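Residue numbers (full-length UniProt numbering), protein chains in the order written: chain A, 1 to 402; chain B, 1 to 339. A short worksheet on the structure shown next.
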């Protein structure tokens with residue numbers, strides 16, 4: 001046996017919780033934890049695919065499941081969890097944040113766009129811990145980070161890196177990058193450019209698909225699409241794959257099969273990077289999907305998963321610290337001791353330098369999980385998960401330094 | 001005992017006058033060699049593979065329902081119990097003829113169960129409903145449902161049958177349920193995603209493996225105020241990402257000296273000296289090693305390797321893998337017929 005044997009135990013690092021549990025007894029709770037979910041709603045066009053319609057209970061449904069999970073665990077420990085939910089337009093954030101804070105919320109989950117998430121973090125103030133579950137703006141994890149703002153949602157940089165690693169693993173290194181014309185599409189295209197450089201892919205040509213306004217689809221619109229897309233993609237330089245940066249949901253779903261050259265599509269269409277999707281079954285996820293569907297009568301969406309995960313981060317921090325103080329919880333969440341199971345095959349943790357959750361990213365063809373990044377062989381001195389998104393040295397975030 | 005004997009043998013010089021005495025001791029210890037049937041549930045193949053332990057040859061494979069996972073056998077060796085997860089039932093087969101006999105109620109998606117030592121009761125974890133279901137194997141009815149933490153998974157019965165232990169994967173606790181009234185008497189917080197629980201033969205210690213936390217919690221059952229967490233065992237293998245050291249199935253030798261822990265995607269079984277909680281060896285086995293079972297004489301330990309579609313036979317005394325046997329698609333659980 002040539003193996004080097006290393007063994008260690010962790011004596012002295014153990015917290016013991018052994019509480020008798022009396023079923024049916026109305027226990028005197030020792031700790032009350034009130035979390036809030038604020039969802040900011042925007043005027044939206046109907047999506048290209050009716051599978052992508054936004055349900056009325058988006059994010060709230062996931063948060064409710066997370067709260068129930070916390071309540072079950074809390075019942076054994078004397079921790080009482082409750083949840084407040086509110087919707088807001090981008091214009092009346094102040095009012096809604098005040099309302100939640102007056103109700104005693106000190107842990108606030110926010111589902112909204114990047115600029116509004118920043119506003120909420122400022123309005124809530126340093127005594128409130130805010131969890132971003134939707135905004136993928138890399139800037140929020142970079143120069144514009146906030147000390148009271150943690151990110152459960154992956155950044156555009158993480159999502160782009162997840163795609164790049166898979167494409168490089170496939171040796172599809174020559175990319176035709178097609179991006180939309182709206183500001184978010186431009187930022188996503190930037191993330192793919194940065195990622196291509198990071199992992200050694202070559203963007204052989206770039207094209208911009210102009211958003212000319214109007215609605216996103218029409219009856220029998222596929223007839224027109226079938227003529228437009230081949231024309232738009234013809235005579236491109238030799239490429240292995242089309243990478244689409246279309247956060248506005250204008251054209252990317254039309255690219256597979258319709259492009260001039262028989263090439264696979266990744267990014268906003270074809271093989272898409274997501275933090276979760278309803279067909280994911282590995283690592284015990286089936287039981288999670290079933291619990292969600294039984295409670296809410298629909299499939300889970302990434303925002304629901306993120307909201308569930310944010311509530312579980314809160315629950316785990318309370319369970320392990322026996323505190324509801326946001327400052328104590330934040331310190332624990334950002335520490336090496338924090339770990340959480342999230343149906344992705346390995347524990348999720350937080351980057352202490354910018355408050356971003358480390359997590360695997362699923363790659364889906366919208367039917368199944370095709371692969372999960374980080375891919376084998378992408379190593380990192382801290383964790384392979386840190387091969388996705390902004391690493392410590394790259395991030396300009398200073399708010400977490402102390 | 002066998003291991004110590006081997007150590008003694010290695011230290012004896014070939015010409016020693018002790019040899020005749022040693023040989024006679026060996027004969028005494030060898031005892032009769034039983035051939036036992038080994039049953040392996042194949043999660044993707046929807047079958048159970050049967051292997052003869054006399055020559056380690058597969059002798060049969062039969063349909064076992066949809067997505068067979070947890071597997072057990074009655075103490076008399078007559079009935080084989082298989083969790084048919086996608087059929088939401090536990091199927092019972094004749095262990096000799098492989099004939100399907102009847103189904104037991106289990107709640108949705110049964111994954112794992114434990115049996116009382118007399119075979120009269122099954123304790124099943126129902127992940128969807130946060131319940132432990134207690135099933136009477138003779139009347140084929142549910143006799144109790146116990147609310148536990150979120151996503152109950154691992155189950156263990158204490159040797160004195162006073163406690164049934166359940167681990168909940170999202171709550172991250174071991175729940176100690178008294179069998180006299182099916183009420184939870186103690187809860188102990190462990191690391192992320194506790195998967196499996198196992199008592200020592202004397203009931204003094206309980207081990208709980210945490211798949212995502214990457215540790216095995218050691219719980220003293222004889223604490224002053226009840227069960228108490230006394231240690232956590234971690235794992236470290238050079239060249240293997242720490243994320244993939246995911247402890248799952250466990251077995252402890254009946255002398256309570258050696259704890260074997262399957263490490264899932266690390267493709268290794270850790271051997272732990274149970275007197276010191278130190279890992280002394282990692283045995284390389286097949287891919288995604290999941291559950292473990294001894295032969296009744298504890299000469300061999302069998303491992304199911306889900307991603308290489310085989311089982312590994314480990315020589316317990318030598319702590320070495322000696323053979324691998326191809327089985328059906330994605331083997332999950334394993335049970336060995338009693339002598």
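C-beta: ideal position from N, C-alpha, C; glycine also. Just so we're clear, the structure is a prediction, and the values are computed from it rather than from any experiment.
{"Asked": "In or out: residue 199 of chain B buried (at least 16 other Cβ within 10 Å) or exposed?", "Found": "buried"}
{"Asked": "By DSSP, does residue 156 of chain A sit in helix, in strand, or in coil?", "Found": "helix"}
{"Asked": "Between residue 140 of chain A and chain B, is any beta-carbon pair separated by less than 8 Å?", "Found": "no"}
{"Asked": "I want to see whether chain A comes within less than 8 Å of residue 326 of chain B, judged by CB atoms only; does it?", "Found": "no"}
{"Asked": "Helix, strand or coil: which one does DSSP assign to residue 39 of chain B?", "Found": "strand"}
{"Asked": "With a cut-off of 8 Å on the beta carbons, I'd call residue 152 of chain A and residue 182 of chain A a contact; round off their distance for me.", "Found": "Incorrect: roughly 25 Å between the Cβ atoms, too far for contact."}
{"Asked": "Where are the alpha helix (DSSP H) runs, 4 residues long or more, that stay fully inside the stretch 172–244 of chain B, in chain order?", "Found": "none"}
{"Asked": "Please list, in chain order, the chain A residues whose beta carbon lies closer than 7 Å to that of residue 127 of chain B.", "Found": "287"}
{"Asked": "Report yes if the CB atom of residue 264 of chain B is closer than 8 Å to the CB atom of residue 290 of chain B, and no otherwise.", "Found": "yes"}
{"Asked": "Identify the contact partners of residue 340 of chain A in chain B, using a Cβ-Cβ distance below 9 Å as the criterion.", "Found": "192, 212"}
{"Asked": "Flag residue 346 of chain A as yes if its beta-carbon sits less than 8 Å from any beta-carbon of chain B, otherwise no.", "Found": "yes"}
{"Asked": "Is residue 384 of chain A close to chain B? Criterion is C-beta to C-beta, closer than 8 Å.", "Found": "yes"}
{"Asked": "Just by C-beta distance, which residues in the stretch 41–70 of chain A are closer than 7 Å to chain B?", "Found": "69"}
{"Asked": "Quick check: the Cα distance between residue 204 of chain A and residue 385 of chain A, rounded to an integer number of angstroms?", "Found": "28 Å"}
{"Asked": "If I follow the unbroken beta strand (DSSP E) through residue 331 of chain B, where does it start and stop?", "Found": "331–336"}
{"Asked": "Is the number of C-beta pairs between the stretch 148–164 of chain B and the stretch 302–315 of chain A that are closer than 8 Å three or more?", "Found": "no"}
{"Asked": "When the Cβ atoms of the stretch 158–175 of chain A are set against those of the stretch 239–249 of chain A, are three or more pairs found closer than 8 Å?", "Found": "yes"}
{"Asked": "Just curious, the beta strand (DSSP E) that residue 370 of chain A is in, first and last residue?", "Found": "369–373"}
{"Asked": "Kindly list the residues whose CB is nearer than 7 Å to the CB of residue 168 of chain A, restricted to its own chain and excluding five residues on each side of it in sequence; keep chain order.", "Found": "199, 200, 201"}
{"Asked": "Interface residues of chain A around residue 171 of chain B at Cβ under 8 Å?", "Found": "69, 72, 73, 76"}
{"Asked": "With a threshold of 8 Å between beta carbons, is residue 291 of chain A in contact with chain B?", "Found": "yes"}
{"Asked": "Using a Cβ-Cβ cut-off of less than 9 Å, give me the residues of the stretch 241–254 of chain B that come near chain A, in sequence order.", "Found": "241, 242, 243, 244, 246"}
{"Asked": "Answer yes or no: do residue 154 of chain B and residue 194 of chain B have a C-beta to C-beta separation smaller than 8 Å?", "Found": "yes"}
{"Asked": "Please decide whether residue 70 of chain B counts as near chain A, where near means a Cβ-Cβ distance under 8 Å.", "Found": "no"}
{"Asked": "Any residues in the stretch 149–165 of chain B with a beta carbon nearer than 7 Å to a beta carbon of chain A? Which ones, in chain order?", "Found": "149, 150, 151"}
{"Asked": "With a 10 Å radius around its C-beta and 16 neighbouring C-beta atoms as the bar for buried, classify residue 107 of chain B as buried or exposed.", "Found": "buried"}
{"Asked": "Closer than 8 Å, Cβ to any Cβ of chain E: which residues of the stretch 288–322 of chain B, in chain order?", "Found": "Among the protein chains of the structure shown, namely A and B, there is no chain E."}
{"Asked": "Can you grab the Cα-Cα spacing for the pair residue 236 of chain B / residue 245 of chain B, in whole Å?", "Found": "7 Å"}
{"Asked": "Below 9 Å on C-beta distance, what does residue 101 of chain B contact in chain A?", "Found": "Residues of chain A passing the Cβ test: none, with the nearest at roughly 28 Å."}
{"Asked": "Residue 389 of chain A CB to nearest chain B CB: under 8 Å?", "Found": "no"}
{"Asked": "When the Cα atoms are used, what is the spatial distance from residue 29 of chain B to residue 300 of chain B?", "Found": "Annotation note: pLDDT 48 at residue 29 of chain B (below 50); position unreliable, coordinate value reported separately. Going by the C-alpha atoms only, they are around 15 Å apart."}
{"Asked": "Give, in chain order, every unbroken run of the beta strand (DSSP E) that is at least 3 residues long and sits entirely within the stretch 128–175 of chain A.", "Found": "129–132, 149–151"}
{"Asked": "Compute the Euclidean distance between the alpha carbons of residue 293 of chain A and residue 276 of chain A, then round it to the nearest angstrom.", "Found": "14 Å"}
{"Asked": "DSSP puts residue 221 of chain A in a beta bridge; with which residues?", "Found": "Partner(s): none; residue 221 of chain A has no beta bridge."}
{"Asked": "Quick one: is residue 26 of chain B buried, meaning 16 or more other Cβ sit within 10 Å of its Cβ, or exposed?", "Found": "Summary for residue 26 of chain B: the model assigns pLDDT 46, below 50, so the residue's position carries little reliability, and this model does not support an answer."}
{"Asked": "With C-beta atoms as the reference, is residue 84 of chain A less than 8 Å away from residue 66 of chain A?", "Found": "no"}
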